[in-house]
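Residue numbers (the numbering used here), protein chains in the order written: chain A, 1 to 182; chain B, 183 to 364.
From the three backbone atoms N, C-alpha and C, an ideal C-beta is built for every residue, glycine too.
This report concerns only the one structure given below.
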DNA sequence: GTCTATAATTTGATAGAC
DNA sequence: GTCTATCAAATTATAGAC
C-alpha cells in the first residue's frame, strides 16, 4: 500500500528540517527514518548515500526558494522585498536558519556535491539580487556590493537573532540593511 | 616525560580548529587525539564529556577574542575597527569562520552549556560594540541597531565569502557595513 | 518500495595499569 | 597524565526476502 504522501518528499522534508536545526553532521538516516516512520534502508533506496540526500535537499530548497521569490504574493511586490521575506519566514514561521547558511558555515567538511549545491545558492542570490538592484538604478559594481551585503546581513541576522532568541534583532538588522539600499 | 607544550592547550587548539571547519557534530575525540598524537582517553581526562570540551573551547575563544580587541595593536586604534579586524583575521589568516558563527548556526542541536557559551559571545559583542558606538556619538537605540547589523554582516560575511571562496566579497561587505556607521 | 538482517566502522565514555 | 582495553550504542551502507 502506498503512503498517503510521496515518500521521497517526506524524506526531503525531514532531512531539510534536521539539517536546518542540527547541521549536516547532526542528523542520521535513522533520525529521518524515525521522523517519517519508515526504516533507514528505505531512505537508502531513494538516496543511496548521505551526500545524495544532502544535495537533493539543497536543490529542492533552492528551487522552491527562488520560485517563491519570483512568483511574489502578499509578501511584497518587489523582488528584493520578497527575497528578504523568505528569510523572515525562515525565522518567524520555521524558527530555523537558512539551509544554505548553516551548510555554508560547515562547507569545508561537506561532500563536494553538497558544498557545490550550497555555493550555487549563494551565487544565484548574488546574481539575481544584483540584477534587480541594477534595474532599481544602481551601477553594476554598487549593485553587486549591495547584493553581497544584503545576503550577509540576512544569513548572519538569522544566526544571531536565533542564537539570542530575539526575533526583534532580526527585524532591526533588516531595517538597517534595507535603509542602506536607499 | 611532559609534552613540549601544555596538553590542555593543544586539545583546545585542535578542537577549535575542528569545530570551525566542520561544526560541533563534525569532530570526534579520536579526531582531536590523532591531531595532537595522543589517545582519546587522554582527552577525556582533561574534558570528561564532549560538552565540557565544547564549552571550554568557546570560553577560551571568547576570552582571547575580546582581549585582542581590547588591547589593540597595529590592526587599528579604535575598538570597532579592531573588532572587525578579528573577523578579517579569521578569514584571511585562519581561513575559517568565527567559532560562534558556526556554533550559532547549529545552536538548537548543541548541549545547553555549549549553546549558552555561544549566546554569551554574541551578547557581549552586541553590548560592547553598542557602548563604543554611543561614545562615537550614536543614540543608545541606534548604537544597538548598528551593533547588531555589524555582527550580522561580519558573521554572514565570513560564511558567504568562504562559501564562495572569495575574500574580496568579505572586504566589500565590510566596506558597506562600516560606511553605514558614518 | 519497504522490510529484516547484518556488515564494517565510528562514536562518546569508562576501568584500571603504569 | 597517558596508556591499553573495552563497552554499548550509533553510524553509513548493503544484501536479499516480500
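Task: residue 356(B), DSSP secondary structure in three states - done: In the second chain, counting from the first residue as 1, residue 356(B) sits at position 174. It is helical.
Task: Test: residue 290(B) CB closer than 8 Å to a CB of chain A - done: Working through the second chain from its first residue, we reach residue 290(B) at position 108. Yes - at least one Cβ of chain A is within 8 Å of the one on residue 290(B).
Task: 6 Å Cβ shell around residue 115(A) - same chain, five flanking residues per side excluded - done: By 1-based counting over the first chain, the position of residue 115(A) is 115. Cβ neighbours of residue 115(A) beyond the five flanking positions: 107.
Open item on the list: Quick check on the DSSP output: the alpha helix (DSSP H) that includes residue 322(B) runs from which residue to which?
Closed with: Along the second chain, one-based indexing puts residue 322(B) at 140. 322–345 is the span of the alpha helix (DSSP H), which, as asked, contains residue 322(B).
TODO: Return the first residue and the last residue of the alpha helix (DSSP H) that residue 195(A) is part of.
DONE: Here chain A covers residues 1 to 182 and nothing more, so residue 195(A) does not appear.
TODO: Spatial neighbours of residue 214(B) within its chain, please: CB distance less than 7 Å, with the 5 preceding and 5 following residues excluded, ordered by chain position.
DONE: By one-based count along the second chain, residue 214(B) stands at place 32. Around residue 214(B): 193, 196, 197, 200, 225.
Task: For residue 98(A), the three-state DSSP class (helix, strand or coil) - done: Here residue 98(A) corresponds to residue number 98 of the first chain, with the count starting at 1. Note: residue 98(A) maps to coil in three-state DSSP.
TODO: Count the other C-beta atoms from every protein chain shown that fall within 10 angstroms of the C-beta of residue 274(B), then say buried if there are 16 or more, exposed otherwise.
DONE: Sequence index remark: in the second chain, residue 274(B) carries index 92 (1-based). It counts as exposed.
Open item on the list: Tell me which residues share the same chain as residue 98(A) and place their Cβ nearer than 7 Å to its Cβ, disregarding the 5 neighbours each side in the sequence.
Closed with: Your numbering for residue 98(A) matches position 98 in the first chain. These residues qualify, in order along the chain: 87, 90, 155, 158.
Task: Where the alpha helix (DSSP H) containing residue 117(A) begins and where it ends - done: Counted from its first residue, the first chain places residue 117(A) at position 117. Looking at the DSSP string, the run of the alpha helix (DSSP H) that includes residue 117(A) is 112–135.
Open item on the list: Here's a check: name, in chain order, each residue in its chain whose Cβ is nearer than 8 Å to the Cβ of residue 229(B), leaving out the five neighbours to either side.
Closed with: The count along the second chain starts at 1 and reaches residue 229(B) at position 47. If we look at residue 229(B) and ignore the five residues flanking it on each side, its Cβ neighbours are 193, 235, 238.
Open item on the list: What are the residues in the region 21–40 of chain A lying within 7 Å of chain B by C-beta distance?
Closed with: 21, 22, 23, 25, 26
Task: Any 3 or more C-beta pairs closer than 8 Å across the region 319–328 of chain B and the region 300–307 of chain B - done: no
Open item on the list: At a CB distance below 7 Å, what residues from the region 92–105 of chain A approach chain B? Give them in sequence order.
Closed with: 97, 101, 102, 104, 105
TODO: In angstroms with no decimal places, state the Cα-to-Cα distance between residue 282(B) and residue 240(B).
DONE: Within the second chain, the letter at position 100 stands for residue 282(B). Within the second chain, the letter at position 58 stands for residue 240(B). Roughly 7 Å separates the two Cα atoms.
Task: Neighbouring residues, chain A, relative to residue 342(B) (Cβ below 8 Å) - done: Within the second chain, numbered from 1, the residue matching residue 342(B) stands at position 160. Those within 8 Å of residue 342(B) in chain A are 104, 122, 148, 151, 152, 155.
TODO: Work out the CA separation of residue 180(A) and residue 134(A) for me, nearest whole Å.
DONE: As a first step, residue 134(A) must be located in the first chain, where it is residue number 134. As a first step, residue 180(A) must be located in the first chain, where it is residue number 180. Roughly 15 Å between the two C-alpha positions.
Task: Neighbour list for residue 119(A) in chain B, Cβ cutoff strictly below 7 Å - done: Counting from 1 along the first chain, the entry for residue 119(A) is found at position 119. Residues of chain B passing the Cβ test: 345, 346.
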